[in-house]
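Below you'll find the structure, written out as structure tokens, and then a few comments.
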């Protein structure tokens, strides 16, 4: 700053004839300390008092402009004071975004960009290396807290997830410093992140790294801010090389010509007795309250010890700040052609010229933007360690857009490539995103379940497939369902059809034998011409089972139950007529003949016809009233639609099958107590067993049908029908066929008794 002022005073073009004066104060980085000189600056010219006035237009303060202080926390204290008096304040290091508020700080300027620009650069860097799972640690001060807040709000919009964010003490005298540091480090370690952003001043970073080494944790990638990436306080730390990979941002800056030579001349001057004597005399005049305690180490400073400080990027920001004020003062004083026309200047007049000013320093142009900042952009630096000494390597820059050469960076990993630090934010096809814990930008990928699909990007839930379609797990589309029913080619259908053919063949053979021997005692005892009619009913019942095989249609569903009931009724009517004849001949043999006797004995065909007509009537009501309907069951099978016939009203279903059960029960009651001579064939016993097989089939069918899956219910119905048919055939008809075919000597009137003729003979 001193060099810049002296350079301007020696210039013949900038502020000609004007000599700038200055006062330097050490803020000691303390808000209370910085207030004292600030109040002195605000005092009226040539006094040490601040005048209270309603109008400060003509109020002349001690200074017309203030350069500094360095950091945001101190500027937040002083900026409101200077803004009230409209004294231009130009900081060379305060980067807080809050200072952009022109209403609160109308006279605040800075020659560095705000933190928001640096945070945008950090965000771009994370995207460049595809790091989206990071931790953020900030110092617990104005700089760190605001940086943490801005960083959180910006990166989350870039689909970058913050695994952990925390504050570390900025005050090194904090009572719980070690505890706070340890707690923060343990929290970071639990997240398993590989990239950590340190938004802090240099001294908290140093203490943080010391604790990191003490806990013996692994190397990480550290993203540094301009506050510590070039700091000797951090770099001089023991074992700092073991911290991992450090990439940071520094503010772009030019060089200050002849500055190092100027410092060298000053250092040489301090070795002269005359200079030292003059300094002591001046110190006596100012007093210790102004100069403060003397620095004992200052006597031993050499150029080698301050070279790194002279090359610091912030020196150019200070240089620019002084020149910015000087150029504004040049315009305010209307200086031209080697002289200035105006001699006096008020701070608010200087402020007017400083707003929007464009100026040049050594052919390089500068201007304060709408936020009163000079934004030269950032340079991306990487810590390299050739020969165990740190070297700051430039790997790119940022000026609205990041430009970086990744090949220059050698990471701490085994293959020297960038480590992964990812939290999945994109999922594979057929997966939806589900928020992971409290991280709004980080998701677990959840597979869409079968029957649902991932419709479009941005969906938070899987979309159910339409009823007529299906989808496998993790699908992006739906497929049409195939139809499910008993196909003719199914192994189960083939087995059932084989059994059907066997039973049908037996029925046909039995029918042929009955017709061929229709007049013989065996057939006459079994009902005569009603025997083949019963076999025909059984045959039709077998044939009706094919209605359950193949693709069902509405008409097939209507026909299934009536066809079975009618065919079974045809058989049961003939057997019931014979059973009633046996009952009348044995149990009521001595009773007086009446019309029932005559009807059952001589008009048994009328009984069969009447029973069939009643069943037919019931079936017609069922067929046209409440028949079974074809339904499509989409819920039972995952990839198919089950076509099945479903009974609408079980009451009507019970009625059409109830008559057959009544006939079977009557037949059973009529014959199960009938005894016959051992020398004669007991035809009543065959009827009893035939009805028992029917009831057994019914008893087995009902619970099995109710418990099996709906897919196999048609097969169960076919099996029950065939079981019933085979049981009646085996217990009632086949024994008689055996006699007709293999025991013709038994086919006699004495062995087989015709109950319709026996009573007549007795009468």
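Residue numbers (the numbering used here): 20 to 782. Beta carbons: idealized from backbone N, C-alpha and C, even for Gly.
Can you list, in chain order, the stretches of the alpha helix (DSSP H) that have 4 or more residues and sit fully within the region 44 to 69?
50 to 61
With DSSP collapsed to three states, give me the class of residue 27.
helix
Using a threshold of 9 Å, state whether the C-beta atoms of residue 793 and residue 112 are closer than that.
Since the first residue shown for the chain is 20 and the last is 782, residue 793 is missing from the structure and cannot be characterised.
When you compare the region 197 to 205 with the region 136 to 143, are there three or more beta-carbon pairs, one atom per stretch, that lie closer than 8 Å?
no
Are the Cβ atoms of residue 598 and residue 634 separated by less than 9 Å?
no
Assess, as a yes-or-no matter, whether the region 171 to 180 is touched by the region 400 to 409 under the definition of 3 or more beta carbon pairs within less than 8 Å.
no
Residue 703 vs residue 691 beta-carbon contact at 9 Å:
yes
Helix, strand or coil: how does DSSP classify residue 184 here?
strand
State the start and end residues of the unbroken beta strand (DSSP E) segment that holds residue 638.
That residue, residue 638, is in no beta strand (DSSP E); its alpha helix (DSSP H) goes 623 to 643.
Three-way DSSP call (helix, strand, coil) for residue 233 in this model:
helix
Span of the alpha helix (DSSP H) holding residue 416?
Here residue 416 belongs to no alpha helix (DSSP H); instead the beta strand (DSSP E) covers 410 to 417.
Residue range of the unbroken beta strand (DSSP E) whose run includes residue 403:
397 to 403
For residue 366 and residue 110, what's the separation of their Cα atoms in angstroms?
16 Å
So, for residue 539: in the same chain, excluding its five sequence neighbours on each side, which residues have a beta-carbon less than 6 Å away from its beta-carbon?
766
Got a sec, what are the start and stop residues for the beta strand (DSSP E) residue 277 sits in?
It is not in any beta strand (DSSP E) - residue 277 carries neither H nor E in the DSSP assignment.
Is it right to say residue 507 is buried, meaning 16 or more other beta carbons lie within 10 angstroms of its own, or is it exposed?
exposed
Can you tell me where the beta strand (DSSP E) holding residue 241 begins and where it ends?
239 to 243
Can you name the residues that DSSP bridges to residue 268?
399
Check each candidate in 641, 688 and 649 and name the one with the smallest Cα separation from residue 670.
641
Cα-Cα separation, residue 369 to residue 28
18 Å
Per DSSP, residue 649 forms a beta bridge with which residues?
664
Pull up the distance between the alpha-carbon of residue 342 and that of residue 360, whole angstroms please.
20 Å
Which one of 573, 735, 768 and 290 has the shortest CA to CA distance from residue 543?
768
Determine, using beta carbons only, whether residue 387 and residue 136 come nearer to each other than 9 Å.
no
Can the beta-carbon of residue 759 be found closer than 9 Å to that of residue 533?
yes
Cut-off 7 Å between Cβ atoms - residues of its own chain near residue 782, not counting five sequence neighbours on either side:
Annotation note: pLDDT 35 at residue 782 (below 50); position unreliable, no value reported.
Can residue 156 and residue 184 be called in contact, C-beta distance under 9 Å?
yes
Report the residue from 561, 57 and 168 whose alpha carbon sits nearest the alpha carbon of residue 138.
168
Quickly, what does DSSP pair residue 155 with across the bridge? List them, please.
184 and 216
Inter-residue Cα distance where the pair is residue 95 and residue 154
28 Å
Pick from 450, 363 and 264 that is closest to residue 431, judged by C-alpha positions
264
Got a sec? Which residues, its chain only, sit under 6 Å from residue 552 by beta carbon, not counting five neighbours each side?
593
With a threshold of 8 Å on Cβ separation, who are the neighbours of residue 466 within its own chain once the five nearest residues in sequence on each side are excluded?
449, 450, 492 and 493
In terms of residue numbering, what span does the alpha helix (DSSP H) encompassing residue 4 cover?
Here the chain comprises residues numbered 20 to 782, so residue 4 is not present and cannot be evaluated.
Would DSSP call residue 691 helix, strand or coil?
coil
Return the CA-CA distance between residue 645 and residue 655, expressed in angstroms with no decimal places.
24 Å
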